[in-house]
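Engineer: Structure in structure tokens, see below.
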Amino acid sequence: MSRLGTITRRTFLVGAVAVAGGVAFGTWYVRRPYANPLLDGLSEDEVAFNPFVKIGTDETITIIAPRAEMGQGIATTLAAFVAEELDVRLDQVKVEHGPASPAYYNAAMMEEAGPFPFFDESLMAEVTRRSFGTVAKVLGLQATGGSSSTRDGFVRMRQAGAAARIMLTEAAARRLDVPAAELTTADGEVIHESSGQRLTYGALALDAAAIEPPSDIPLRERAEWKLLGQSQPRVDMLAKATGAPVFGVDITAPDMLFGTVKMSPVFWREPANADLSKAEVVPGVIRIVPISSTYGHGFGILATNTWAAFRAAGLIEADWGTPDYPADSAAIDARLTQALADPASGSSMRDDGDVETLFADAPRERFVEAEYAVPLLAHACMEPMNATAKLADGKLTIWAPNQVPTLTAQLCASALGMETTDVTVHTTQMGGGFGRREVDFSIYAALLADAAGGRPVKVTWTREEDIARDVFRPAAKGRFRARLDDTGLPVALDMTIAAPSILGSVMRRTFPSISPVGPDATITQGAHDQPYSIANYRVRGIKTDLGVPVGFWRSVGMSFNTYFHEGFLDEIAVAGGMDPVDLRRRLVADYPAALGVVDRVAEMANWSEPPAEDRARGFAFALAFGSWIAQIVEIADTPAGIRIEKTWMAADVGIALDPSIIEAQLISGAVFGFSSAMNQEITLREGRVEQSNFHDYDAMRIHQCPTFEIAILENAEKMGGVGELSTPTSVAALANAVFALTGKRVRQLPLSREVAFA
Amino acid sequence: MRLTVNGKAIQIDAEPQMPLLWALRDLAGIMGPKFGCGIAACGACTVLVDGAPVRSCVMPVSQATGAIITIEGIGTPEALHPVQQAWIDEQVSQCGYCQAGQIMTAVALLEANPSPTDEDIDNAFGGNLCRCGTYPRIRAAVKRAAGGPAGA
Amino acid sequence: MRFVVALALLALPAPVLAQEAASPQGLAEWQKIYEVFSHPRCANCHTEDDHPRWSGAHYGPTRIHPFNVRRGPDGFGNTGLTCQTCHQETNAQILHGPPGAPNWHLAPAEMVWFEKSSAQICAQIKDPARTGGMDLEEVAVHVRDDALVAWGWDPGPGREPAPGSAEETFAALERWTALGAPCPAEESGE
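Chains as they are written, first to last, in numbering that gives the first Met the number 0: chain F, 0 to 757; chain G, 0 to 151; chain W, 0 to 189.
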């Protein structure tokens with residue numbers, strides 16, 4: 000395949016990340032297990048069997064769930080992995096995030112960072128996945144993202160539980176002097192049925208930990224599962240229903256100061272002629288210090304309370320400089336349009352058949368052409384960016400709601416000129432993440448701690464700062480054309496997409512000395528990797544730097560490419576006189592999981608029957624983060640505007656580990672997608688973000704929220720992710736419904752540019 | 000300055016214009032009410048003052064002369080308020096950051112209207128933003144707490 | 000001149016008669032009052048439907064107050080989301096923070112000014128059935144003394160105040176009433 004040839008000649012950005020880590024590859028290094036990070040903090044009557052399981056003689060069983068809990072329920076499912084094989088109940092265990100450690104590397108996230116579609120099981124694709132996964136392990140990159148946590152933990156964490164159980168059982172066998180095969184385990188006890196003897200895990204822990212860990216760890220068959228596959232009460236629910244202080248903003252330490260930051264609203268610029276006189280006299284303000292970092296420049300305020308710091312931030316005056324990047328929406332659009340004018344400069348991420356010839360020699364009436372665009376978006380997590388830091392005796396301690404603990408340690412150390420080993424990162428629960436929680440807020444807190452004379456300082460951003468200094472979902476623009484055959488099916492589809500490289504932007508602010516090279520698969524993610532069989536099918540991505548920092552936003556490239564791809568397929572269906580669902584059925588016929596969700600959702604929504612008067616429906620499909628989803632959105636024309644009335648989703652996740660959490664995630668992702676599609680838009684003026692708070696960057700409210708009907712299927716061979724699964728199709732299906740209702744094909748988001756929502 | 004929070008009198012040293020939210024969080028160490036926007040646009044900071052829901056991020060502490068109830072004051076893990084129990088039963092929270100505000104709104108709503116309709120719920124909760132999209136389960140939990148049929 | 004007026008008298012229906020007889024000074028006083036009443040700081044909460052409105056810098060074109068804020072049974076909002084949930088007794092000092100004044104609420108639906116013409120507002124204010132029973136003198140005193148009305152001239156950071164002042168508007172109402180409280184003719188095309 001020509002596609003593979005193209006790909007192997009290029010260096011992917013992941014390679015640049017590996018270089019940034021400063022590591023050499025070698026079999027020895029790859030195979031070497033990381034040290035167990037739990038061994039450092041153990042008390043005398045407590046043992047750690049491996050990085051995931053701690054047991055105390057007082058029967059305290061602690062499971063480490065080393066992924067960011069930002070609402071997606073990951074702590075519960077990861078704990079269930081361990082508990083399932085350890086034979087303990089979830090209400091018997093304490094679940095902790097644990098320390099920042101390379102032992103908690105995320106291989107699955109990296110495995111899908113390559114250019115291969117999820118369904119591609121060719122040798123090349125598998126080899127690439129394995130080597131990318133190895134990069135993650137070698138780097139020790141502990142990260143939450145890519146809807147990868149359950150896929151990553153599925154084997155490793157069950158093995159951790161099973162290994163501990165085997166060791167506990169062996170300890171019991173020795174103590175009771177019976178063969179291990181005669182013992183069973185349940186609810187934290189080892190049981191010898193015939194003699195009626197029982198030993199608790201706590202009583203066995205010290206002995207068991209001294210036993211050599213097993214090298215062969217058989218895992219239970221699905222039929223034997225007691226926890227996995229069934230809805231579990233979330234381990235974080237009680238705390239969150241009672242207002243427990245579990246978030247980053249809730250950190251309290253003795254003698255703590257409070258602070259905030261005011262960073263230059265013009266990205267990358269250093270402020271000049273600063274006048275701090277008004278800010279410094281605000282009662283409660285202790286000190287204002289300049290901040291310089293790879294993320295940008297500005298000021299940090301130390302105060303006796305957050306409100307004083309906020310007031311002072313608003314009173315800082317400075318010449319913030321002029322932007323060296325497209326300074327407003329027109330300029331951004333011009334830059335993207337200019338990039339699209341030279342499609343050959345892009346990277347072909349998919350190139351089946353011979354697209355050029357098909358378009359060079361075809362009757363115009365069988366063409367469909369369109370141009371789509373999306374704006375920058377902010378994450379607007381409910382909990383604004385924040386971190387708490389303390390620098391004392393040459394050691395830095397950071398409490399941070401973050402998705403990248405090992406990188407946090409590395410970059411905070413680097414900001415203060417310290418060794419990474421002198422930095423301790425505590426990852427708190429977080430009030431939403433959505434891909435936003437990287438390293439900037441931790442670096443700023445570390446720099447403010449440096450000015451706090453050894454006192455801890457909690458640095459909370461204002462909402463205005465949180466919106467203005469986000470790392471945005473990229474603005475993107477695409478130009479598409481299709482050629483239809485006599486039956487209305489596309490025989491050729493050509494998509495060119497211009498967008499900034501997320502990985503390139505991340506590199507600029509984390510490892511600015513390294514110039515990333517090679518294509519970025521996120522630019523075409525959701526366009527090049529879909530299971531549609533079209534004989535001539537080309538998807539090209541053009542890296543288009545816009546200067547504005549861009550980052551991972553729930554569903555990443557799919558947040559716009561599914562809107563592009565599924566919107567354009569809807570246009571193809573209309574042009575070809577085909578039913579949109581029927582068109583998808585034909586195009587995905589080679590993939591049973593895809594066909595399964597398309598058929599199921601059509602049946603649930605009774606698609607073949609027309610909706611009620613003044614109502615219309617839109618459809619979209621996607622293969623997203625390893626799972627397959629088809630979605631139908633029904634909207635109504637009301638005097639107050641368009642209302643989203645109902646949403647049907649059929650999702651095939653391969654293995655449904657926790658149906659209640661999956662259902663919650665599907666609704667969550669849909670509300671997130673609807674919010675963005677209806678009204679959200681970040682615009683620039685003179686290089687500065689114009690929006691500032693929820694009055695001009697709002698999201699879906701309860702009275703706008705539709706009802707949901709959801710089917711979770713398990714036909715797919717591989718397990719997929721769920722955290723970002725429904726966001727892309729929600730945007731696309733809503734846009735397609737708007738067309739069905741109004742006849743307006745809205746090719747530029749948000750939809751409120753052309754229609755009003757109630 | 001004296002505040003009455005969750006039935007206890009507390010003494011704080013605050014400027015009169017300081018929003019109640021920061022007096023509670025930074026000065027009194029009461030962390031249930033959350034900072035989300037600072038302009039009464041998200042509801043994460045909602046507390047009850049004399050039984051009525053108030054966005055504490057915009058109420059000057061000097062005007063908070065009534066009885067203040069925060070989420071810590073309605074129930075504890077050992078003795079849950081019926082609304083908190085309903086929140087657990089329906090597994091409402093995802094990130095959980097807005098939920099203290101949502102729960103306080105539910106308490107205020109149910110106090111005045113023991114059997115709210117969907118419309119009553121929409122009218123009460125429009126100011127409480129949830130970025131995780133827990134709205135369908137919030138609806139179900141409010142109805143469950145009201146003793147009505149469970150399920151969204 | 001007299002001849003022209005007589006012709007007009009014949010041609011026009013009765014209610015307009017009084018207007019034609021109005022002194023230009025009276026209409027000029029009304030114009031000042033109208034500019035206050037129709038100003039967004041006032042009219043945004045004198046709406047016919049269930050919703051107050053938002054407008055001004057950073058708020059985009061005039062729009063329905065978001066967050067599903069509604070009139071409720073008494074103009075003070077709904078249980079769980081009353082006006083006082085967000086609007087305190089004083090303006091929030093932060094930009095985009097909620098404005099505040101005692102008794103923040105929507106005017107009665109019959110006292111509608113939002114998107115109404117000068118003639119319509121004039122007719123309304125003279126009709127005690129649509130002023131909560133207030134006659135013009137009481138309306139004038141209300142405008143002068145009510146704390147929520149006074150907010151219109153002190154609307155907090157980032158908002159354009161209503162023109163003039165409470166005292167000036169009170170005086171204009173007094174003069175207008177003394178001049179017979181004339182209303183303007185409905186503009187053509189209305």
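Each residue gets a CB set at the ideal place from its N, CA and C atoms; glycine is no exception. Keep in mind that this is a model prediction, so the values were computed, not measured.
Excluding the 5 residues flanking residue 736(F) on each side, which residues of the same chain have their C-beta closer than 6 Å to its C-beta?
Structural biologist: Looking up residue 736(F) in the first sequence gives position 737. 615, 616, 617, 632, 634, listed in sequence order.
Engineer: Using three-state DSSP, classify residue 175(W) as helix, strand or coil.
Structural biologist: Translated into the one-based positions of the third sequence, residue 175(W) becomes position 176. In this structure, residue 175(W) counts as helix in the three-state DSSP scheme.
Engineer: With distances taken from CA atoms, which of 654(F), 344(F), 224(F), 57(F) is nearest residue 496(F)?
Structural biologist: Your numbering for residue 496(F) matches position 497 in the first sequence. Of the candidates 654(F), 344(F), 224(F), 57(F), the one whose C-alpha sits nearest the C-alpha of residue 496(F) is 344(F).
Engineer: Check each candidate in 320(F), 290(F), 60(F) and name the one with the smallest Cα separation from residue 204(F).
Structural biologist: The sequence position of residue 204(F) within the first sequence is 205, counting from 1. Checking every option, the nearest Cα to that of residue 204(F) belongs to 60(F).
Engineer: Pull up the distance between the alpha-carbon of residue 132(F) and that of residue 144(F), whole angstroms please.
Structural biologist: As a working note, residue 132(F) is residue 133 in the first sequence. As a working note, residue 144(F) is residue 145 in the first sequence. Between residue 132(F) and residue 144(F), the C-alpha separation is close to 14 Å.
Engineer: Would you tell me roughly how many angstroms separate the C-alpha atoms of residue 672(F) and residue 126(G), rounded to the nearest one?
Structural biologist: Within the first sequence, numbered from 1, the residue matching residue 672(F) stands at position 673. Within the second sequence, numbered from 1, the residue matching residue 126(G) stands at position 127. If I take the Cα positions, the gap works out to 20 Å.
Engineer: Determine the chain F residues that contact residue 28(G) at a beta-carbon separation under 7 Å, and present them in chain order.
Structural biologist: What you label residue 28(G) is simply residue 29 of the second sequence in a count that begins at 1. 251, listed in chain order.
Engineer: Check whether the Cβ atoms of residue 27(G) and residue 60(G) sit closer than 8 Å, and answer yes or no.
Structural biologist: Stepping through the second sequence from its first residue, residue 27(G) is reached at position 28. Stepping through the second sequence from its first residue, residue 60(G) is reached at position 61. Not closer than 8 Å, so no.
Engineer: Check the Cβ of residue 431(F) against every Cβ in chain G and list those closer than 8 Å, keeping chain order.
Structural biologist: Your numbering for residue 431(F) matches position 432 in the first sequence. Residues of chain G passing the Cβ test: 94, 96, 130, 131.
Engineer: I need the boundaries of the beta strand (DSSP E) containing residue 149(F), first residue and last residue.
Structural biologist: Your numbering for residue 149(F) matches position 150 in the first sequence. Element bounds for residue 149(F): not the beta strand (DSSP E) but the alpha helix (DSSP H), 148–175.
Engineer: Would you please state the rounded distance, in angstroms, between the beta carbons of residue 37(G) and residue 104(G)? I believe it to be under 8 Å.
Structural biologist: The residue given as residue 37(G) occupies position 38 in the second sequence. The residue given as residue 104(G) occupies position 105 in the second sequence. No, residue 37(G) and residue 104(G) are not in contact; Cβ-Cβ is about 18 Å, not under 8 Å.
Engineer: Report the start-end ranges of each alpha helix (DSSP H) in the stretch 59–102 of chain F that is 4 residues or longer and not cut off at the edges.
Structural biologist: For the stretch 59–102 of chain F, whole alpha helix (DSSP H) runs of length 4 or above, ordered along the chain, are 73–85.
Engineer: By the criterion of Cβ-Cβ separation under 8 Å, what are the contact partners of residue 89(W) in chain G?
Structural biologist: Counting from one through the third sequence, the residue named residue 89(W) turns up at place 90. Within 8 Å Cβ-Cβ: 59, 62.
Engineer: Work out the CA separation of residue 117(W) and residue 149(W) for me, nearest whole Å.
Structural biologist: Here residue 149(W) refers to the residue found at position 150 when the third sequence is read from its first residue. Here residue 117(W) refers to the residue found at position 118 when the third sequence is read from its first residue. Cα to Cα, residue 149(W) sits roughly 21 Å from residue 117(W).
Engineer: Count the CB pairs spanning the stretch 138–156 of chain W and the stretch 93–102 of chain W that are closer than 8 Å, and state whether there are at least three.
Structural biologist: They touch, by the three-pair rule.
Engineer: Under a CB-based cut-off of 8 Å, is residue 180(W) close to chain G?
Structural biologist: Residue 180(W) sits at position 181 when you count from the first residue of the third sequence. For residue 180(W), the answer is no, since every Cβ of chain G falls outside 8 Å of its Cβ.
Engineer: Where do the ends of the alpha helix (DSSP H) carrying residue 557(F) lie?
Structural biologist: The count along the first sequence starts at 1 and reaches residue 557(F) at position 558. That run of the alpha helix (DSSP H) goes 557–575.
Engineer: When you compare the CB positions of residue 283(F) and residue 304(F), do they come within less than 8 Å of one another, or not?
Structural biologist: In the first sequence, residue 283(F) corresponds to position 284, counting from 1. In the first sequence, residue 304(F) corresponds to position 305, counting from 1. Result yes, Cβ atoms of residue 283(F) and residue 304(F) sit closer than 8 Å.
Engineer: Residue range of the beta strand (DSSP E) that residue 649(F) falls in?
Structural biologist: As a position in the first sequence, residue 649(F) is number 650, starting the count at 1. Counting along the chain, the beta strand (DSSP E) containing residue 649(F) begins and ends at 640–651.
Engineer: Let me make sure I understand the geometry here. Which of 380(F), 547(F), 445(F), 369(F) has the alpha-carbon closest to that of residue 470(F)?
Structural biologist: In the first sequence, counting from the first residue as 1, residue 470(F) sits at position 471. For residue 470(F), the nearest C-alpha among the options comes from 547(F).
Engineer: So what does DSSP say about residue 509(F), is it helix, strand or coil?
Structural biologist: Within the first sequence, numbered from 1, the residue matching residue 509(F) stands at position 510. In the structure shown, residue 509(F) sits in a helix (DSSP, three-state: H, G or I).
Engineer: Starting from the C-beta of residue 115(G), find all residues in its chain whose C-beta is less than 8 Å away, skip the five residues before and the five after it, and write them out in chain order.
Structural biologist: Within the second sequence, residue 115(G) is the residue found at index 116, counting from 1. Only 108, 109, 123, 141, 142, 145 meet the Cβ criterion.
Engineer: Buried or exposed: which applies to residue 183(F), given that a residue is buried once 16 or more other Cβ atoms fall within 10 Å of its Cβ?
Structural biologist: The residue you call residue 183(F) lines up with position 184 of the first sequence. Exposed: under 16 other Cβ atoms inside 10 Å.
Engineer: When the distance is taken between beta carbons, is residue 73(F) closer than 8 Å to residue 148(F)?
Structural biologist: Working through the first sequence from its first residue, we reach residue 148(F) at position 149. Working through the first sequence from its first residue, we reach residue 73(F) at position 74. Yes. Within cutoff.
Engineer: Between which two residues does the beta strand (DSSP E) harbouring residue 188(F) extend?
Structural biologist: Looking up residue 188(F) in the first sequence gives position 189. 188–191 is the span of the beta strand (DSSP E), which, as asked, contains residue 188(F).
Engineer: Taking the beta strand (DSSP E) that residue 86(G) falls in, what are its first and last residues?
Structural biologist: Your numbering for residue 86(G) matches position 87 in the second sequence. Careful: residue 86(G) lies outside any beta strand (DSSP E), inside the alpha helix (DSSP H) at 81–88.
Engineer: As a quick exercise: from 279(F), 656(F), 361(F), 318(F), pick the residue whose alpha carbon is nearest that of residue 76(F).
Structural biologist: For the purposes of this step, residue 76(F) is taken as residue 77 along the first sequence, with counting starting at 1. Taking only the C-alpha atoms, the option nearest residue 76(F) is 656(F).
Engineer: Using the Cβ count rule (16 or more neighbours within 10 Å means buried), how would you classify residue 280(F)?
Structural biologist: If you number the first sequence from 1, residue 280(F) lands on position 281. Exposed, since its Cβ has fewer than 16 Cβ neighbours within 10 Å.
Engineer: What's the C-alpha gap between residue 26(W) and residue 175(W)?
Structural biologist: In the third sequence, counting from the first residue as 1, residue 26(W) sits at position 27. In the third sequence, counting from the first residue as 1, residue 175(W) sits at position 176. So the alpha carbons of these two residues sit roughly 8 Å apart.
Engineer: In chain order, what residues of the same chain have a beta carbon less than 7 Å from the beta carbon of residue 131(G), not counting five sequence neighbours either side?
Structural biologist: Here residue 131(G) refers to the residue found at position 132 of the second sequence. Cβ neighbours of residue 131(G) beyond the five flanking positions: 93, 94.
Engineer: Kindly identify the DSSP beta-bridge partner or partners of residue 52(F).
Structural biologist: One-based indexing of the first sequence puts residue 52(F) at position 53. Answer is 49(F), 62(F), bridged to residue 52(F).
Engineer: From what residue to what residue does the beta strand (DSSP E) around residue 328(F) run?
Structural biologist: In the first sequence, counting from the first residue as 1, residue 328(F) sits at position 329. Run containing residue 328(F): none in the beta strand (DSSP E); it sits in the alpha helix (DSSP H), 328–339.
Engineer: With residue 119(G) as the anchor, note down where its alpha helix (DSSP H) starts and where it stops.
Structural biologist: To locate residue 119(G), count along the second sequence from 1; it is residue 120. 117–124 is the extent of the alpha helix (DSSP H) around residue 119(G).
Engineer: For residue 122(F), count neighbouring C-beta atoms within 10 Å of its own C-beta (all shown protein chains included) and say buried if the count is 16 or more, exposed if not.
Structural biologist: Within the first sequence, numbered from 1, the residue matching residue 122(F) stands at position 123. Answer is exposed; the Cβ neighbour count stays below 16.
Engineer: Let me make sure I understand the geometry here. Which of 572(F), 568(F), 602(F), 476(F) has the alpha-carbon closest to that of residue 559(F)?
Structural biologist: Counting from 1 along the first sequence, the entry for residue 559(F) is found at position 560. Selected option, being the one with the closest Cα: 476(F).
Engineer: Give me the Cβ distance between residue 195(F) and residue 57(F), rounded to the nearest whole Å; I'm assuming they're in contact under 8 Å.
Structural biologist: Taking the first residue of the first sequence as 1, we reach residue 195(F) at position 196. Taking the first residue of the first sequence as 1, we reach residue 57(F) at position 58. With a Cβ gap of about 24 Å, residue 195(F) and residue 57(F) do not count as contacting.
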